[in-house]
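I have placed the structure first, in the form of structure tokens, so that the comments after it can refer back to it.
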Amino acid sequence: MKTSMNNNSPKHMVTLLCEFPYIRQKQNYRMKKYLLYIGCLLALATNSGCDDFLDKAPLDKLVNDSYWVDEVSLRAYSQDFYSTYFVGYAQDYRAFGGYFSGDSYNDDFLLTSDNVSDTNQRLFFPTTNTTGINSVTTLWTDQYKIVRKANVMLEKIPGMTISDEAKNHWMAIARFFRATAYSTLVKTYGDVPYIELAVVDAKDYDILYKDRDPQVTVVNKILEDYNYALQYIRANDGIRQVNKSVVGAFMSRNMLYHATWLKYHGTTVGPTSQPVSNTELSKFFKGAIDGAESVMESHNYSIGNTYNALFTSESLADNPEIIFYREYTTGIACNALMAYNAKEDQKLGGATIDAIDSYLCLDGLPIRQSPSYQGQSDPSIKNSFKDRDPRIYDTFVDTLRILNSGLFSAASPTGFASKKFLNEDWLLGGSPYVTGILSPADAPIIRYAEVLLNYVEARYEISKIGGEAFSQADLDKSINEIRKRTLTKWGETPAVSRKMPNITLSGNNIAVNNTVINDPDRDPSVDPVLWEIRRERRTELIMEGRRSDDLNRWAKFEYLNTGTSNNPNKTVLGAWIDKADYPGIAAAVKLFDPENPVATPTKGYISYFSISSPLRSFTKGDIKSERNYLRSIPAAQITIYKDKGYTLTQNPGW
């Protein structure tokens, strides 16, 4: 039986599907009478036309005013927001939300199978504006339904007979979720129509078929909503409910995304993009900082001496780092991510050598700078994992686990088997939780370490466009706070405590133990300080659904490039192996040795160039590549506008 938090706890969880069964049934009965939103007009519809829709539901009024009675009705009405944004590990095979293979089009994870259906994987590079049309359509439709739902709340709350404090709180809830919906739309499409009205005259085509508003305009509206929510939402509204810290955490995440995207891309993608003023960018970076500081200054959260337990615990109720999480309960709602990390072939893909090489050594230096790195002469997993950032041991198995070797049932096509989402005590204890869709391990939705990383990146970025100077204090309250975490390697006897050393600001560089970090692998277009901030983020949040968005907002899709078949990049390479050590290995396992680039080497890095290269082709400056930073506006939606005599503009390159 899981323990529940009391109502004074600052941490909050959400149990989807099975939570509040009476409320959800009651809500469905009452709300099914409500009208569909203008979002259905804005969304790419099915084959039925808009006129059919207009015949079914007038848009110029709302019915069932008697529903809006008290806070119970508001709480019931708002529950659908939760199932949209707080998916956690989901509840099915190969559908893990943004975790593990759910966020695979990046340089951390090498997707070796296309048998994945997940609308979060927006970074697949389609060849036409009809590729993946269903996922694009669903996202557009679903987000505008949320916008509509929030706008209805905002219209109805002022007339309710509840206290002013309650009105402000529930309006904050509505504005938080509206901001989150528009954040999702902007991340996906850039410019989008911004609608604040819940009720529109069915014949007011100028509103119904308005063209897209500029991204900067919409982001300003998003910031207004987040600021309102942060000011008026309750610090604590009970378990399973959004509170001030949840708002601050998501505000830090989404405003950082928008600020950096606009900084590195401008107003859109391609040659028509225009720079965004530093005044606007500073406002958005400050929004990210304000959100993060509201969480940090609450003093309700801290970094504990756990890492793997953040993702593999039956209950996250008492974990000091968790701000919001999804609860899973045996017999009600469970997930399959544990099984996929425990006993089944991780055949969807695995970590790249590029991701593994990004982990620092235990002395805080990069592998090509550290004298303690032991993978130079023998790059095998066992050797190269020695004396590394201890998070690597809580994330990956430190022995080769390769598919098609005849040795392991639980293995990875790249040789780097994930155990970030595996409870090894459950595995060795024979727990049923590690099989099938039976894991009751709670899923962290957002956690304190990410907030600290959002803060430090926003602080550095704003300092470069006229904001307050970046300082050692910024590092101490963020990255160095995370590095207070002391970890032991599971199963090691005797147990050895390991922690990463603090970093210090040294002019325009980062130093550790008085040695300036000089990483030969640093992207020369990225400042040394920012490079290390981004590295810490990559290491801490690996396989948690953030990396693909990060590459998008930094305008770094070139990191996905695969190279050529006879000279592949590290983003399509796995672990180093010597086939002589594994006589049962299948001939189909291809290798690449950069020191000996022959056609069929017997030792080298596992290569998946031929599978991954079509998915990751990118040429900087080419509009056919650059367009993929934004998705295509659904073609059928453009046609709907055209049929009414209006224009819905398409994104550049589509």
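Numbering of the sequence shown is given in UniProt numbering, commencing with residue 1 and proceeding in unit increments.
We put the beta carbon where it would ideally sit given N, CA and C, even for glycine.
As the structure is a prediction and not an experimental result, all values here were calculated from the model.
Pick from G466, T600, Q472 and S471 that is closest to K286, judged by C-alpha positions: Taking the sequence shown and counting its residues from 1, one reaches residue 286 at position 286. Between K286 and the set G466, T600, Q472 and S471, the nearest pair of CA atoms involves G466.
Can R447 and T539 be called in contact, C-beta distance under 7 Å? Within the sequence shown, the letter at position 447 stands for residue 447. Within the sequence shown, the letter at position 539 stands for residue 539. It is not a contact, given that the beta carbons lie outside the stated cut-off.
How far does the beta strand (DSSP E) with Y325 in it reach, from first residue to last? As a first step, residue 325 must be located in the sequence shown, where it is residue number 325. DSSP places Y325 in the uninterrupted beta strand (DSSP E) bounded by I322 to R326.
Pick out the complete alpha helix (DSSP H) segments inside the region 479 to 552, 4 residues or longer, and give them in chain order. 479 to 482 and 528 to 540, all fully within the region 479 to 552.
May I ask which residues mark the beginning and end of the alpha helix (DSSP H) holding S245? As a position in the sequence shown, residue 245 is number 245, starting the count at 1. Taken as a continuous stretch (DSSP letters only), the alpha helix (DSSP H) holding S245 covers K244 to H265.
Roughly how many angstroms lie between the CA atoms of R388 and Y359, to the nearest whole one? Position 388 of the sequence shown, counted from the start, is the residue given in the question as residue 388. Position 359 of the sequence shown, counted from the start, is the residue given in the question as residue 359. Going from the Cα of R388 to the Cα of Y359 covers about 7 Å.
Beta-carbon separation (whole angstroms), C361 vs S377, contact threshold 8 Å: Locating residue 361 in the sequence shown gives position 361, where the first residue counts as 1. Locating residue 377 in the sequence shown gives position 377, where the first residue counts as 1. So it is not a contact: roughly 15 Å between Cβ atoms.
Between the region 544 to 563 and the region 576 to 588, can you find at least three pairs of beta-carbon atoms closer than 8 Å? In short, these stretches do not touch, since the Cβ pair count stays below three.
Does DSSP put F109 in a helix, in a strand, or in coil? Locating residue 109 in the sequence shown gives position 109, counting from the first residue. It is a strand residue.
Exposed or buried, which one is A333 when buried takes at least 16 other CB atoms within 10 Å? Numbered from its first residue, the sequence shown carries residue 333 at position 333. Label assigned to A333: buried.
Name the DSSP beta bridge partners of Y605, please? Within the sequence shown, residue 605 is the residue found at index 605, counting from 1. According to DSSP, Y605 bridges with W576 and F592.
Less than 8 Å between C-beta atoms, sequence neighbours within five positions excluded: which residues of the same chain meet that for L453? For this step, residue 453 is matched to residue 453 along the sequence shown. The beta carbon of L453 lies closer than 8 Å to those of S478, I479, I482, I533, E536, R537, E540 and L541 in the same chain, with the five residues before and after it left out.
For G350, which of T647, F416, N628 and K156 has the nearest alpha-carbon? Here residue 350 refers to the residue found at position 350 when the sequence shown is read from its first residue. Nearest of T647, F416, N628 and K156 to G350, Cα basis: F416.
Pick out whichever of D142, S101 and E71 has its Cα sitting closest to the Cα of S83. The residue you call residue 83 lines up with position 83 of the sequence shown. Checked all of D142, S101 and E71; the closest Cα to S83 is D142.
Would you kindly work out how many angstroms separate the C-alpha atoms of K590 and R485, rounded to a whole number? In the sequence shown, counting from the first residue as 1, residue 590 sits at position 590. In the sequence shown, counting from the first residue as 1, residue 485 sits at position 485. Straight-line spacing of the CA atoms in K590 and R485 works out to 39 Å.
How close, in whole Å, do the beta carbons of A249 and V295 come, if the pair is a contact with beta carbons under 8 Å? On the sequence shown, residue 249 is found 249 positions in, with the first residue counted as 1. On the sequence shown, residue 295 is found 295 positions in, with the first residue counted as 1. In this structure, A249 and V295 form a Cβ contact; the two beta carbons are roughly 6 Å apart against a cut-off of 8 Å.
Exposed unless 16 or more other CB atoms sit within 10 angstroms - verdict on Q472: Taking the first residue of the sequence shown as 1, we reach residue 472 at position 472. Answer is exposed; the Cβ neighbour count stays below 16.
Write down every uninterrupted run of the beta strand (DSSP E) in the region 323 to 387 whose length is 3 residues or greater and which is fully enclosed by it, in chain order. Within the region 323 to 387, the runs of beta strand (DSSP E) at least 3 residues long that lie entirely inside it are, in chain order, 349 to 351.
If you reduce the DSSP assignment to three classes, tell me which class T600 lands in. Position 600 of the sequence shown holds residue 600. When DSSP states are grouped into helix, strand and coil, T600 belongs to the coil group.
Touch test, the region 429 to 446 against the region 507 to 525, Cβ-Cβ under 8 Å, three pairs minimum: For the pair of segments examined, the region 429 to 446 was found not to touch the region 507 to 525: the number of CB pairs separated by less than 8 Å stays below three.
Under DSSP, the beta strand (DSSP E) around A443 begins and ends at which residues? For the purposes of this step, residue 443 is taken as the residue at position 443 of the sequence shown. Taken as a continuous stretch (DSSP letters only), the beta strand (DSSP E) holding A443 covers A443 to R447.
Within 10 angstroms of its Cβ, does N120 collect 16 or more other Cβ (buried), or is it exposed? Your numbering for residue 120 matches position 120 in the sequence shown. Any reading at N120 is ruled out, since the residue's pLDDT is 33, under 50, leaving its predicted position unreliable.
Relative to the alpha-carbon of L185, which residue among K203, Y85 and M171 has its alpha-carbon at the smallest distance? Residue mapping note: residue 185 aligns to position 185 of the sequence shown, counting from 1. Distance from the Cα of L185 is smallest, within the candidate group K203, Y85 and M171, for Y85.
My assumption, with CB atoms under 8 Å, is that K244 sits in contact with A235. Please give the rounded CB distance. For the purposes of this step, residue 244 is taken as residue 244 along the sequence shown, with counting starting at 1. For the purposes of this step, residue 235 is taken as residue 235 along the sequence shown, with counting starting at 1. Right, their Cβ atoms sit about 5 Å apart.
N567 - DSSP class collapsed to helix/strand/coil: Sequence index remark: in the sequence shown, residue 567 carries index 567 (1-based). If DSSP states are grouped into helix, strand and coil, N567 belongs with the strands.
By DSSP, does V192 sit in helix, in strand, or in coil? Walking along the sequence shown from the start, residue 192 turns up at place 192. If DSSP states are grouped into helix, strand and coil, V192 belongs with the strands.
Drop a sphere of 10 angstroms on the beta-carbon of N47, count the other beta-carbons inside from all chains shown, and report buried for 16 or more, exposed for fewer. Sequence index remark: in the sequence shown, residue 47 carries index 47 (1-based). At N47 the pLDDT is 32, less than 50, meaning the model places this residue with poor confidence; the figure from the coordinates comes in the next sentence. With fewer than 16 other Cβ atoms within 10 Å, it is exposed.
Can you look up D425 in the DSSP assignment and give me helix, strand or coil? Indexing the sequence shown from 1 puts residue 425 at position 425. Residue state, collapsed to three classes: helix.
Among the candidates K187, G430 and A229, whose CA atom is the shortest distance from the CA of F177? Your numbering for residue 177 matches position 177 in the sequence shown. Minimum Cα distance to F177 is reached at A229.
Under three-state DSSP, which class holds F285? Here the question's residue 285 lines up with position 285 in the sequence shown. Here F285 sits in helix by DSSP.
What's the C-alpha gap between W170 and Y194? Here the question's residue 170 lines up with position 170 in the sequence shown. Here the question's residue 194 lines up with position 194 in the sequence shown. Taken atom to atom, the span from the alpha-carbon of W170 to that of Y194 is near 21 Å.
With H, G and I counted as helix, E and B as strand and the rest as coil, what does DSSP make of D237? In the sequence shown, residue 237 corresponds to position 237, counting from 1. Coil at D237, not helix or strand.
For S298, which three-state DSSP category applies? Here residue 298 is taken as the residue at index 298 of the sequence shown, counted from 1. Here S298 sits in coil by DSSP.
Are the beta-carbon atoms of I462 and S282 separated by less than 7 Å? The residue labelled residue 462 in the question sits at position 462 within the sequence shown. The residue labelled residue 282 in the question sits at position 282 within the sequence shown. Cβ distance < 7 Å, so I462 and S282 count as in contact.
Every unbroken alpha helix (DSSP H) within the region 451 to 481, with a cutoff of 4 residues, ordered by chain: For the alpha helix (DSSP H) assignment, the uninterrupted runs of no fewer than 4 residues enclosed by the region 451 to 481 are, from N- to C-terminal side, 472 to 476.
Below 8 Å, can you find three or more Cβ-Cβ pairs linking the region 315 to 326 to the region 424 to 433? Output reads no: the region 424 to 433 does not touch the region 315 to 326.
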